[in-house]
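Participant:
There are 2 protein chains.
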Amino acid sequence: MDPAWFQVRVRVQRTINMKDNLVTGDIGLAHGSGGRKTGRLIKDLFLKHLGNPIANRMEDAAELPAQGTRIALTTDSHVVQPLFFPGGDIGRLSICGTCNDLAVKGAKPRFITAGFILRAGLRAETLEKIVVSMAEELHKANVLLVAGDTKVIETGEVEECYITTAGFGVLEHNSTFAPERIEAGDKVIVSGTIGDHEAAVLLSRQDFGFEHHIKSDVANIWPLVSALIDAEIDIKAMRDPTRGGLATTLNELSTACGKAVLIKEGHVPFSSEVKAAAEMLGLDLYYLASEGRLLAIVNEKDAEKAVEILQAYPQARDAAIIGEVHDDGQGLWLETLLGSQRPLLILEGEQLPRIC
Amino acid sequence: MDPAWFQVRVRVQRTINMKDNLVTGDIGLAHGSGGRKTGRLIKDLFLKHLGNPIANRMEDAAELPAQGTRIALTTDSHVVQPLFFPGGDIGRLSICGTCNDLAVKGAKPRFITAGFILRAGLRAETLEKIVVSMAEELHKANVLLVAGDTKVIETGEVEECYITTAGFGVLEHNSTFAPERIEAGDKVIVSGTIGDHEAAVLLSRQDFGFEHHIKSDVANIWPLVSALIDAEIDIKAMRDPTRGGLATTLNELSTACGKAVLIKEGHVPFSSEVKAAAEMLGLDLYYLASEGRLLAIVNEKDAEKAVEILQAYPQARDAAIIGEVHDDGQGLWLETLLGSQRPLLILEGEQLPRIC
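Residue numbers (my numbering), protein chains in the order written: chain V, 1 to 356; chain U, 357 to 712.
1. Between which two residues does the alpha helix (DSSP H) harbouring R392/U extend?
2. Kindly say whether M594/U, judged by its beta-carbon, lies nearer than 8 Å to any beta-carbon of chain V.
3. Whole-angstrom Cβ separation of G391/U and G600/U, contact assumed at under 8 Å?
4. Check the DSSP bridge columns for H78/V and list the partner residues they point to.
5. Using a beta-carbon distance below 8 Å, is L527/U in contact with chain C?
6. Counting contacts by CB-CB distance shorter than 8 Å, is P82/V in contact with chain U?
7. Which of the residues in the region 474-494 of chain U, read from start to end, lie with their CB under 8 Å from any CB of chain V?
8. Pick from S582/U, P409/U, K631/U and L449/U: whose alpha carbon is nearest that of E528/U?
9. Helix, strand or coil for K215/V per DSSP?
10. Excluding five sequence neighbours on each side, which residues of the same chain lie with their C-beta closer than 6 Å to the C-beta of A296/V?
11. Suppose contacts are defined by Cβ-Cβ distances below 8 Å. Is S572/U in contact with E515/U by that definition?
12. If contacts are defined as beta-carbon pairs under 8 Å, then I602/U and V624/U qualify, I think. What distance do you get, rounded to the angstrom?
13. Enumerate in chain order the residues of its own chain whose CB-to-CB distance from N21/V is below 6 Å, with the five nearest sequence positions on each side excluded.
14. Verify the CB distance criterion: does V325/V have a CB-CB separation below 8 Å to chain U?
15. State the DSSP-derived secondary structure class of Q315/V, mapped to helix, strand or coil.
16. Let me see if you follow: with CB-CB separation under 8 Å, is S94/V close to chain U or not?
17. Excluding the 5 residues preceding and the 5 following T69/V in the sequence, name in chain order all residues of the same chain whose CB lies nearer than 6 Å to its CB.
18. Quick one: grab the DSSP three-state call for H326/V.
19. For chain V, find out if any of its Cβ atoms is closer than 8 Å to the Cβ of L644/U; answer yes or no.
20. Got a sec: is the Cβ-Cβ distance from H49/V to anything in chain U below 8 Å?
21. Rounded to a whole number of angstroms, what is the C-alpha to C-alpha distance between V218/V and G349/V?
22. Near T15/V, which residues of its chain fall below 6 Å by C-beta distance, leaving aside the five closest residues on each side in sequence?
23. Quick check on the DSSP output: the alpha helix (DSSP H) that includes D230/V runs from which residue to which?
24. Using a Cβ-Cβ cut-off of less than 7 Å, list which residues of the region 312-346 of chain V approach chain U; keep chain order.
25. At a Cβ threshold of 8 Å, is V190/V touching chain U?
26. Check Y287/V in the structure and name its three-state DSSP category.
27. Judging by CA-CA distance, which residue of M490/U, M636/U, N655/U and D445/U is the nearest neighbour of T469/U?
28. With a 10 Å radius around its C-beta and 16 neighbouring C-beta atoms as the bar for buried, classify G381/U as buried or exposed.
29. Name, please, each residue of chain V whose Cβ falls closer than 9 Å to the Cβ of R561/U.
30. Taking S204/V as the reference, give the member of K43/V, L352/V, L337/V and I54/V with the closest Cα.
31. Figure out for me which residue from H78/V, N220/V, L202/V and G28/V has the closest Cα to the Cα of C161/V.
32. Secondary structure at L22/V, three-state DSSP: helix, strand or coil?
33. So the beta strand (DSSP E) A480/U belongs to, where does it begin and stop?
34. Is there a C-beta anywhere in chain V that falls below 8 Å from the one on P465/U?
35. Check I427/U in the structure and name its three-state DSSP category.
36. Could you tell me whether the Cβ of L144/V comes closer than 8 Å to any Cβ of chain U?
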């Protein structure tokens, strides 16, 4: 489940023009971008009809009032094109995406279901590569796939396959990650460079005429989350900055807690290649999706320790404190290298469709 | 989750020619039919890589070894075309399909997740109708949608939307529905007329030049299952005869229990309109999918009582005992009105694609 689904309440409180009714007429690609239009679609259409106290909490995974143990459920559909990209593929993404939605709730991923929608003409060899990739990732994550379904739709122009996974996890600790717990002074942490996934997918769509070694960061972040929990880091809230990127995710957290978030330009880790690619292609780095990064708001006293713990993992060697929470005002602000501050709004329209 | 996913082990034991490797080359529409090709795809590709003791049980829903309570997980993708058909729509189907996969395991549906893949160009009004339909069905079923996700893919020729739902249910009783418990003498029961769903979808695709009032039978069967459990009916196994129809479902049960199943032509309930349509269109009634029927194998002593209980529900007023289990031989046999017996094999290829 994408955070976008449940963070819509956040968006409708924003002061930007919300009058245009985006959910009449045709669904456009921007409705799948994770930005404002996705938000409107979810709030004004899906939650309008399907909302309930659990769904309305708008979390990455739904914590269920179960018997004895705290459990969490989530779902995520994957439609990435191309199916294979440097650093990953739709299979790996479909497992990591759902594990990560559980992980950012503090839930240990245990079981996964997968619904496959295959386009006739997809080569079985292609599908097998995808499934092998899922199996490898499940094995690494120690998660069981327990149910599946397959449907086939008519031929298209390219090989296509959509995978919807649902995940079931358990909360084995007593802490609650909830934006309501965010206080002024709390620090913002990311577990690594931002935007590698979206850059890798974009660059694998066509040849832009420059060489690069950019790979998707797609990975299961549960080992990182688990290490932070075990070390009793006071985690106030956690997200994975997927569609809409760091800027959209932090805007959502800011509105959810009613406080301002300030991040510092030089502190946000980007790979030099992603930076160069974004510059050449006119993309805003702060809106590029990652698929294997965690974004946490932690108690100030634990921030340095949290970063140290993360950096011990190869997948998080670039972990950093990137900013902090303030109680004057709202929204997300970027302190530039020159010391000036500018607001970073929620993603408008789409940056790049079908990145996950 | 479609039974087809997990009933593949059944199929590969069959003696029909299994040598042609169906999972090399292109995926075809028959791979989504719920018949033999779907089975091969699942067994030789999906389960080959993703199999585990829970998945390999090949049940409609996966029972999870949870803390304290017995819980079940399932998933089902829905790609039906057209999106709306007499008696239902993809929204209603997406809720009922998943509730029913839980119900036939004896699990009470509690929570559902939904992943929407929308085709750009889908009208928001269309989507809203679908979502309203889901909401109505969830309300009726007393099931909560707790997580969702939305992705948008490029424009197509027709309005399209795919919905993958995952369901979480609890088993509040001590009985186990498992084909291993089937014995000679057990009776086969269905809860109503067979094939209405597939006939309704087919007839709404184009005008075949005859008037009819055929409606899909799509419905949540949990109330029926619950009533049978409460009455302590000794249920040996249960399925919902969706893709592949009655013949495929009973073949799978026959192989799973290692016994023969005999059904009697005059006893299987079909609506006269579905019968007439199947005759005109050259379709085999025994392979037509239902989406709101249960198929149960029950202890002989409880069979009459079970049918009486079912008939008290409007959705099951045509419930009937349609056959019985024998311990001489294997497979599914049809006793015709003339008294002769002919085998009904598992569905080969496809009858009609995208019915669910």
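Even glycine gets a Cβ: it sits at the ideal position worked out from N, Cα and C.
Facilitator: Reading from the atomic positions:
1. Taking the second sequence and counting its residues from 1, one reaches residue 392/U at position 36. From DSSP, the alpha helix (DSSP H) with R392/U extends over R392 to L397.
2. As a working note, residue 594/U is residue 238 in the second sequence. For M594/U, the answer is no, since every Cβ of chain V falls outside 8 Å of its Cβ.
3. Numbered from 1 along the second sequence, position 35 holds the residue referred to as residue 391/U. Numbered from 1 along the second sequence, position 244 holds the residue referred to as residue 600/U. Going by Cβ atoms, the distance from G391/U to G600/U rounds to 5 Å, so yes, they are a contact pair.
4. On the first sequence, residue 78/V is found 78 positions in, with the first residue counted as 1. According to DSSP, which records beta bridges pairwise, H78/V is partnered with I163/V.
5. Considering every chain present, this structure includes no chain C. Its protein chains are V and U.
6. Here residue 82/V is taken as the residue at index 82 of the first sequence, counted from 1. No, P82/V lies away from the interface with chain U (no Cβ there is under 8 Å from its Cβ).
7. Of all residues in the region 474-494 of chain U, L474, R475, A476, G477, L478, R479, A480, E481, L483, E484, V487, V488, M490, A491 and L494 have a Cβ within less than 8 Å of some Cβ in chain V.
8. Here the question's residue 528/U lines up with position 172 in the second sequence. Answer by Cα proximity: S582/U.
9. The residue given as residue 215/V occupies position 215 in the first sequence. In the structure shown, K215/V sits in coil (DSSP, three-state: anything other than H, G, I, E or B).
10. Looking up residue 296/V in the first sequence gives position 296. Taken in chain order, the residues that qualify are I189, I235 and M238.
11. In the second sequence, residue 572/U corresponds to position 216, counting from 1. In the second sequence, residue 515/U corresponds to position 159, counting from 1. Going by C-beta atoms, S572/U is not nearer than 8 Å to E515/U.
12. The residue given as residue 602/U occupies position 246 in the second sequence. The residue given as residue 624/U occupies position 268 in the second sequence. Ile is not the amino acid found at residue 602/U; the sequence shown has Leu there. Indeed they touch by this definition, with Cβ atoms about 7 Å apart.
13. The sequence position of residue 21/V within the first sequence is 21, counting from 1. Any reading at N21/V needs caution, since the residue's pLDDT is 44, under 50, leaving its predicted position unreliable; the model's value is listed next. Same-chain partners within the cutoff: there are none.
14. Mapped onto the first sequence, residue 325/V falls at position 325. By this cut-off, V325/V is not an interface position.
15. As a position in the first sequence, residue 315/V is number 315, starting the count at 1. Here Q315/V sits in helix by DSSP.
16. Numbered from 1 along the first sequence, position 94 holds the residue referred to as residue 94/V. Closer than 8 Å: no.
17. To locate residue 69/V, count along the first sequence from 1; it is residue 69. Answer for T69/V: V170, listed in chain order.
18. Position 326 of the first sequence, counted from the first residue, corresponds to residue 326/V. It is a strand residue.
19. Here residue 644/U refers to the residue found at position 288 of the second sequence. Under the 8 Å criterion on CB atoms, L644/U is classed as non-interfacial with respect to chain V.
20. Position 49 of the first sequence, counted from the first residue, corresponds to residue 49/V. Yes, H49/V counts as interfacial toward chain U.
21. By 1-based counting over the first sequence, the position of residue 218/V is 218. By 1-based counting over the first sequence, the position of residue 349/V is 349. Looking at the backbone, the Cα of V218/V and that of G349/V are separated by about 24 Å.
22. Indexing the first sequence from 1 puts residue 15/V at position 15. Note that T15/V scores 26 on pLDDT, short of 50, meaning its location in the model is unreliable and no value can be drawn from it.
23. Residue mapping note: residue 230/V aligns to position 230 of the first sequence, counting from 1. Here the alpha helix (DSSP H) through D230/V covers W222 to D230.
24. none
25. Counting from one through the first sequence, the residue named residue 190/V turns up at place 190. No, no contact with chain U.
26. Here the question's residue 287/V lines up with position 287 in the first sequence. It is helical.
27. Against the second sequence, residue 469/U aligns to sequence position 113. Comparing alpha-carbon positions, the option among M490/U, M636/U, N655/U and D445/U lying closest to T469/U turns out to be M490/U.
28. For the purposes of this step, residue 381/U is taken as residue 25 along the second sequence, with counting starting at 1. So G381/U ends up on the exposed side.
29. Translated into positions along the second sequence, residue 561/U becomes position 205. Result: empty, since nearest Cβ-Cβ is about 13 Å, beyond 9 Å.
30. Residue 204/V sits at position 204 when you count from the first residue of the first sequence. The shortest Cα separation from S204/V among K43/V, L352/V, L337/V and I54/V belongs to L352/V.
31. For this step, residue 161/V is matched to residue 161 along the first sequence. Of H78/V, N220/V, L202/V and G28/V, the residue nearest in Cα terms is H78/V.
32. Position 22 of the first sequence, counting from 1, holds the residue named residue 22/V. Unreliable positioning characterises L22/V in this predicted model, as indicated by a pLDDT of 49, which lies under 50. A coordinate reading is not provided.
33. Taking the second sequence and counting its residues from 1, one reaches residue 480/U at position 124. Where A480/U is concerned, there is no enclosing beta strand (DSSP E), although the alpha helix (DSSP H) it sits in stretches over A480 to A497.
34. Here residue 465/U is taken as the residue at index 109 of the second sequence, counted from 1. Not one chain V Cβ lies under 8 Å of P465/U.
35. In the second sequence, the residue the question calls residue 427/U occupies position 71. Strand.
36. On the first sequence, position 144 is the one that residue 144/V refers to. Yes, L144/V counts as interfacial toward chain U.
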